[in-house]
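Asker: According to full-length UniProt numbering, the sequence shown is numbered sequentially starting from 1.
Backbone N, C-alpha and C define an ideal beta-carbon position, used for all residues, glycine too.
Just passing along the structure, written as structure tokens.
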Amino acid sequence: VEEEAKSFAMELSEKRGVENNGFVQNEAFDDQETESSSQEEMPKPCAVDVDPAAEEETVLKPYAGMPKEVLLKFSRQARYRVTREILFWLIIAAALALVCATIAIIALSPKCLDWWQASPIYQIYPRSFKDSDMDGNGDLKGIQEKLDHITYLNIKTVWLTSFFKSPLKDLGYGAEDFYDVDPIFGSMSDFESLIAAIHDRGLKVIMDLIPNHTSDKHQWFQLSRNRTGKYTDYYIWQDCRQAAGSVIPPNNWVSVFGNSSWQFDDVRKQCYFHQFGKEQPDLNFRNPAVQQEIHDIMKFWLNKGIDGFSFSTVKFLLEATHLRDEPQVNKSQNEVTITAYSQLYHDYTTTQVGMHDIIRSFRQTMNQFSREPGRYRFMGSGDDEKEDIEATMMYYGTTFIQEADFPFNFNLINMKNLSGNSIFEAVDLWMKNMPAGKWPNWAVGSPNAARISSRIGKEYINVMNMLLLTLPGTPVTYYGEEIGMENIVSENVSEECVNSDPVVVTFPEKSPMQWDGKVNAGFTEGNSSWLPVNSNYQSVNVEIQRTWSNSTLNLYRELMLLRNSELPINRGWMCYIWNDSNVFVYVRELDGLDRVFMMVLNFGQESTVDLKAVVPNLPSEAVIRLSTNFSNAGKTVSTKLIKTETGEGLVLEYKTTKPVHTMEAFQGKCFVAEKACYSMALNLLYMNC
């Protein structure tokens with residue numbers, strides 16, 4: 001065998017074959033062979049005849065598991081280096097493009113609507129909402145029991161009116177203790193349970209805070225009247241003159257409720273000042289310690305989980321220190337006969353210099369609790385300036401210094417008569433005076449005003465709710481307006497009421513919520529309620545209206561669904577189209593969307609209007625998306641002949657490429673609060689249209 005191998009090797013050598021070193025044994029093997037047989041001759045390497053071109057091709061071809069030296073040999077080749085560099089720069093370019101796109105989207109995206117903008121606010125008067133312990137008074141546990149009703153309405157924000165511990169002389173607006181719940185409403189643990197339940201449902205809650213005054217039962221007042229330490233000047237005290245056995249006040253200032261705003265105190269032997277009832281002494285906000293007390297109260301409730309405050313009566317926080325008489329409306333009137341609040345101009349007791357600084361300080365405290373993402377704390381102001389719209393708008397603050405998110409708007413409540421024109425004037429007054437970039441709000445009912453049905457008529461309940469939920473901004477619904485509750489009348493009052501005080505007939509809009517057709521309308525399982533239930537509760541209640549397809553409650557829900565699902569109504573432009581003594585017409589539209597909603601609302605008599613003549617680019621037909629008469633929904637109407645009956649409301653839908661707010665004829669008649677444009681291609685909102 002050995003001789004044959006040698007012969008084969010010689011033949012290969014003669015053929016000038018290439019030497020193959022792949023068969024050379026390693027040194028360890030050589031040493032082992034040497035030790036085992038030193039006499040044995042080592043085999044000579046074999047040579048194999050290989051084509052040089054084939055060898056070159058084999059060497060240059062990369063393979064898996066190449067060592068670094070071989071890999072570097074290939075990586076320096078142009079075809080690999082260029083590819084690598086192209087991929088590198090493509091990745092860098094893609095990363096830069098992604099960063100730029102993100103910055104552009106952030107810069108161009110409109111501000112998302114906050115929770116207090118996106119949902120209506122549902123205002124609850126706790127004593128009248130639901131009684132859980134059969135004592136005839138609504139309470140916090142009762143509210144918790146009925147939270148499903150709030151979610152059923154698709155509302156996300158609850159507003160609780162005052163529930164502080166109080167003598168209830170003014171239905172709770174003069175607090176005896178700002179840090180406690182009045183026992184009539186429950187306990188602090190009940191409040192904490194209610195807050196948790198509200199937040200568990202994804203809802204928000206705001207509460208009333210009236211900083212201007214306290215009850216005369218408050219500990220601060222008791223200490224102040226005794227001149228105890230720092231509390232001595234917590235209230236406004238002045239010496240009073242004595243004449244003929246009667247007290248002569250320091251000036252002619254009159255309280256909101258009538259008669260002198262000064263009350264003599266037998267303990268301190270001075271007069272204290274009260275803008276409201278004599279049981280509600282005004283705090284002295286020129287005392288920094290008093291201001292700090294209010295900030296501490298705010299922090300206490302914010303730490304409890306409250307999402308915002310409605311500050312009421314803030315225009316009364318400061319009074320002039322000079323104590324001059326206020327000017328008379330009728331200068332010829334004998335000053336001795338002045339007893340009514342309306343008989344004086346209140347130049348020295350309202351909206352004094354420094355008042356807005358105090359409100360701004362409230363805002364700063366709210367901001368301290370708004371730093372956590374998703375936990376913005378809302379601040380509203382509830383002063384009704386009535387005729388002075390400029391004074392109302394000052395509560396928004398300025399471009400650089402924020403005060404309230406919005407002052408509550410009572411224009412629709414304060415109307416003296418109802419017509420298409422008066423509705424237009426109330427809406428336009430707010431929109432044209434509202435500072436740029438601010439957010440509007442609307443209310444058609446409150447604890448201090450007659451209900452819609454009693455104020456303007458049952459036939460207008462549905463159309464007023466349609467107005468409320470289709471205007472731009474935040475709607476405020478007073479409990480019971482979603483089912484069309486009415487004021488109670490004096491004949492309803494009986495000795496069976498828990499409280500037979502005359503206040504029973506003074507506040508007829510605070511009657512118990514009507515839940516069903518059972519005794520006491522499902523408000524209480526007790527024998528009676530603190531106020532009588534309206535006699536119409538068997539036909540006007542939540543339970544029965546849930547079953548009626550054309551009920552006030554179901555219309556309210558349909559309007560809420562429309563508001564939540566349609567961007568033009570949620571945050572689009574509003575343009576006035578037409579108004580006369582009967583109807584008020586406006587559109588809601590959004591840049592980038594060809595779908596427009598037109599509201600035709602009748603606040604007068606039966607009317608027919610040709611809107612095609614008013615808006616030439618209007619399509620000849622529109623579809624009724626919603627109507628106060630449910631049977632009309634889905635029908636098509638001619639825009640040249642739109643007929644409405646008394647109290648009827650229509651939400652029309654049509655498509656156009658020429659929105660009203662771009663038409664020259666309607667410049668100055670269109671408003672938008674949070675401008676946004678829609679991109680159909682990207683399915684997103686952007687800001688610069």
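Comparing C-alpha positions only, which one of SER620, LEU601, LYS612, ALA613 sits nearest to SER627?
Answerer: Out of SER620, LEU601, LYS612, ALA613, LEU601 has the C-alpha closest to the C-alpha of SER627.
Asker: Go ahead and pull the three-state DSSP assignment for ASN26.
Answerer: With a pLDDT of 45 at ASN26, under the threshold of 50, the predicted position of this residue should be treated as unreliable, though the coordinate-derived value follows. DSSP places ASN26 in coil when its eight states are reduced to three.
Asker: Would you give the residue range spanned by the beta strand (DSSP E) that MET574 belongs to?
Answerer: Here the beta strand (DSSP E) through MET574 covers 573-579.
Asker: Compare the C-alpha of ILE236 against each of PHE285, ALA633, LEU71, LEU590 and name the closest.
Answerer: The residue with the shortest Cα to Cα distance from ILE236 is PHE285.
Asker: To the nearest angstrom, how far is the alpha carbon of ASP31 from that of ARG79?
Answerer: Its pLDDT being 46, under 50, ASP31 is placed unreliably by the model, and nothing is read from it.
Asker: Secondary structure at ALA681, three-state DSSP: helix, strand or coil?
Answerer: It is coil, neither helix nor strand.
Asker: By Cβ distance, which residues of its chain are closer than 8 Å to GLU145, with the 5 residues on each side in sequence left out?
Answerer: Cβ neighbours of GLU145 beyond the five flanking positions: LYS130, SER132.
Asker: Closest to LYS141 by CA distance: which of VAL82, GLU192, GLY397 is it?
Answerer: The residue with the shortest Cα to Cα distance from LYS141 is GLU192.
Asker: Please determine if the stretch 89-98 and the stretch 443-454 are in contact, where contact requires at least 3 C-beta pairs separated by less than 8 Å.
Answerer: The stretch 89-98, when compared against the stretch 443-454, does not touch it at the 8 Å Cβ threshold.
Asker: Quick check: what's the CA-CA separation for PRO435 versus THR524?
Answerer: Whole-angstrom Cα-Cα distance: 45 Å.
Asker: In terms of residue numbering, what span does the beta strand (DSSP E) encompassing PRO475 cover?
Answerer: Element bounds for PRO475: 474-478.
Asker: Using 8 Å for Cβ pairs, my map puts VAL660 next to VAL615. What's the rounded Cβ distance?
Answerer: About 6 Å; that satisfies the 8 Å criterion.
Asker: Buried or exposed for ARG227, going by 16 or more other Cβ atoms inside 10 Å?
Answerer: Per the 10 Å Cβ criterion, exposed.
Asker: Between ILE483 and ASN541, how many whole angstroms is the CB-CB distance? I'm expecting something under 8 Å.
Answerer: Confirmed, about 7 Å.
Asker: Going straight from the alpha carbon of LYS68 to that of ARG76, what length do you get?
Answerer: Taking the straight line from one Cα to the other gives about 12 Å.
Asker: Which of helix, strand or coil does DSSP assign to ARG324?
Answerer: Three-state result, ARG324: coil.
Asker: As a quick exercise: from PRO472, GLY308, ASP591, pick the residue whose alpha carbon is nearest that of LEU203.
Answerer: Out of PRO472, GLY308, ASP591, GLY308 has the C-alpha closest to the C-alpha of LEU203.
Asker: Taking just the CA atoms, how far does ALA118 sit from ALA320?
Answerer: Looking at the two C-alpha atoms, the distance is approximately 40 Å.
Asker: Buried or exposed: which applies to VAL267, given that a residue is buried once 16 or more other Cβ atoms fall within 10 Å of its Cβ?
Answerer: That one is exposed.
Asker: Return the chain-ordered ranges of every alpha helix (DSSP H) run that is complete within the stretch 568-640 and spans a minimum of 4 residues.
Answerer: Fully enclosed alpha helix (DSSP H) runs of 4 or longer: 611-614.
Asker: Would you mind giving the Cβ-Cβ distance between MET598 and LEU652, rounded to the nearest angstrom? I have them listed as a contact below 8 Å.
Answerer: Rounded, the Cβ-Cβ distance is 4 Å, consistent with contact.
Asker: Have a look at ILE121, CYS575, HIS213, MET394 and flag the residue whose alpha-carbon is nearest the alpha-carbon of GLY277.
Answerer: Comparing Cα-Cα distances from GLY277 to each of ILE121, CYS575, HIS213, MET394, the minimum goes to HIS213.
Asker: Count the other CB atoms within 10 Å of the CB of TRP220; is the residue buried (16 or more) or exposed (fewer)?
Answerer: By the neighbour-count rule (16 or more Cβ atoms within 10 Å), TRP220 is buried.
Asker: Let me confirm a value: THR34 is counted as buried when at least 16 other C-beta atoms fall within 10 Å, else exposed. Which label applies?
Answerer: Residue placement at THR34 is poorly supported in this model, since its pLDDT is 43, which falls under 50; the coordinates still yield a value, given next. Exposed: under 16 other Cβ atoms inside 10 Å.
Asker: Kindly indicate the opening and closing residues of the beta strand (DSSP E) around ARG241.
Answerer: 241-243 is the extent of the beta strand (DSSP E) around ARG241.
Asker: Compare the Cα-Cα distances from LEU531 to each of MET513, ARG546, GLN538, ASN251 and report the closest residue.
Answerer: It is MET513 whose Cα lies nearest to the Cα of LEU531.
Asker: For the putative contact between LEU400 and ALA443, defined by C-beta atoms under 8 Å, what is the C-beta separation to the nearest angstrom?
Answerer: It is worth fixing the name first, because residue 400 is Phe in this sequence and not Leu. Not a contact, Cβ separation roughly 29 Å.
Asker: Tell me the rounded alpha-carbon separation between LEU194 and GLU390.
Answerer: When rounded, the distance between both Cα atoms is 38 Å.
Asker: Rounded to whole angstroms, what is the Cα-Cα separation between GLU279 and THR477?
Answerer: Computed Cα separation, rounded: 30 Å.
Asker: For the alpha helix (DSSP H) that GLN545 lies in, which residues bound it at each end?
Answerer: Note, GLN545: alpha helix (DSSP H), 542-547.
Asker: Apart from the five residues on each side of it in sequence, which residues of its chain come closer than 7 Å, Cβ to Cβ, to GLY22?
Answerer: Low confidence applies to GLY22: its pLDDT is 42, below 50, so where it sits in the model is not reliable enough to give any reading.
Asker: For ALA443, name the three-state secondary structure that DSSP assigns.
Answerer: It is a strand residue.
Asker: Along the alpha helix (DSSP H) that carries THR214, what are the first and last residues, could you check?
Answerer: Note, THR214: premise wrong, no alpha helix (DSSP H); not H, not E.
Asker: CA-CA distance, TRP548 and ASN554?
Answerer: So the alpha carbons of these two residues sit roughly 7 Å apart.
Asker: My parser needs the beta strand (DSSP E) runs of 3 or more residues fully inside the stretch 176-227; what are they?
Answerer: Listed in chain order, they are 177-181, 204-209.
Asker: Alpha carbon to alpha carbon, how far is SER215 from LEU283?
Answerer: Their Cα atoms are separated by approximately 10 Å.
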